[in-house]
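What follows is a short report on a single structure.
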Amino acid sequence: ISLAPGAIVVHADPAERGRCALALGRLLREHGERLEPHELVALKALLAVHAQQANGAAAIALGLAGATEVRAELRSRFEAQRDQDPICGLLAVALALLGDAEAKPSIDTLIDGLTLERGRLLDAADALRILGDARSALVMTSRMDDADVFSSELHHALADSIAAIGDSSSIAPLIDLLADTARDVGVRGAAARALAGMAKRR
11 ISLAPGAIVV HADPAERGRC ALALGRLLRE HGERLEPHEL VALKALLAVH
61 AQQANGAAAI ALGLAGATEV RAELRSRFEA QRDQDPICGL LAVALALLGD
111 AEAKPSIDTL IDGLTLERGR LLDAADALRI LGDARSALVM TSRMDDADVF
161 SSELHHALAD SIAAIGDSSS IAPLIDLLAD TARDVGVRGA AARALAGMAK
211 RR
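Residues 11 to 212 in my numbering are what the sequence shown lists, from first letter to last.
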C-alpha cells in the first residue's frame, strides 16, 4: 500500500494533500504496514506547511501509521504550539496514537488549563483516552467540575474518556458531582454517563 511519491508533497491544495496523508495513515494502520521512506519524508515535509488542515492531517497520519521514530519531533512541535488551536489538539492525538507517555503531562494541561476552546478540549480528551492513564481521569473529572459553560458535546467527550480509563479513585468525585443538585444539569448528566461507562467495564 503506497501513495505515489509526489502525491502528498507537490499537490497545490493543502486540503487535498491532507486528505492524501490521512488516507495513507488509515490504510497503513488497517493493514499493519509501515511507512515507506519516501512516505515518511513526505509526511514530515507536510508537517511544515503553513496550513493547519495539512500539517494537522500529517501529524494524525504519522500517528495512525505508527511512525514512532518521529515521536520526539512531534512532541517538540506540540510543546512549541501548545497554545495554538486547533493544531495542538491534533498533535496531542498523534502523540497518543504513538503511545508517547512522555507527552501525557502536557496533554493533561490542555484539559486542566483555562481554555474553553472546543476543538482543543475534544482532542485532548480523546488523546488521554487513547493513552489510558487513570490519573488523567481525575484531571478530566476536576475540569468537568468547574466547567458549567461547556457544551453537551464536551461534557460527553470528557465523560466517555473518564469512563474508558477511570479507576476507583474517580468514583467518589463523580458521585459528588452527580449528587450536587446545585450543579448544572449537563455536569451531573456527564458524571452519570462516566459512572455508567465505568460500571460496564467491570
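Virtual Cβ for every residue (Gly too), placed ideally from N, Cα, C.
Exercise. Which same chain residues, not among the five before or five after residue 174, have their C-beta less than 6 Å away from its C-beta?
Worked result: 139
Problem set entry | Contact between the stretch 74–83 and the stretch 92–99 (3+ Cβ pairs under 8 Å) | no
Problem set entry | Cβ pair residue 106, residue 141 closer than 8 Å | yes
Exercise. Hey, quick one: how far does the alpha helix (DSSP H) through residue 149 stretch, first residue to last?
Worked result: 144–155
Problem set entry | Nearest residue (CA-CA) to residue 163, options 131, 35, 182 | 131
For this session: Report buried or exposed for residue 135, applying the criterion of at least 16 other Cβ atoms within 10 angstroms of its Cβ.
Result: buried
Exercise. Which residue spans inside the stretch 15–93 form an unbroken alpha helix (DSSP H) run of at least 4?
Worked result: 24–41, 47–57, 62–74, 81–90
Exercise. Taking Cβ positions, are residue 201 and residue 176 nearer each other than 8 Å?
Worked result: no
Exercise. What distance in whole Å lies between the Cβ atoms of residue 153 and residue 122, which are believed to be in contact at a cut-off of 8 Å?
Worked result: 6 Å
Problem set entry | Classification of residue 86 by the beta-carbon crowding that lies within 10 angstroms, buried from 16 upward | exposed
For this session: Tell me, to the nearest whole angstrom, how far the beta carbon of residue 53 is from that of residue 72; I am working on the premise that it is less than 8 Å.
Result: 5 Å
Exercise. Are the Cβ atoms of residue 207 and residue 165 separated by less than 8 Å?
Worked result: no
Problem set entry | Separation of residue 182 from residue 209, as counted between CA atoms | 13 Å
Exercise. Does DSSP classify residue 11 as helix, strand or coil?
Worked result: Because the pLDDT of residue 11 is 41, which lies under 50, any placement of that residue in the model is unreliable, and the number read from its coordinates should be weighed accordingly. Of the three classes helix, strand and coil, the one that applies to residue 11 here is coil, per DSSP.
Problem set entry | Backbone secondary structure at residue 192 - three-state DSSP | coil
Problem set entry | Nearest-angstrom beta carbon gap, residue 28 and residue 6 [assumed within contact, 8 Å] | Residue 6 is absent from the model: the chain starts at 11 and stops at 212.
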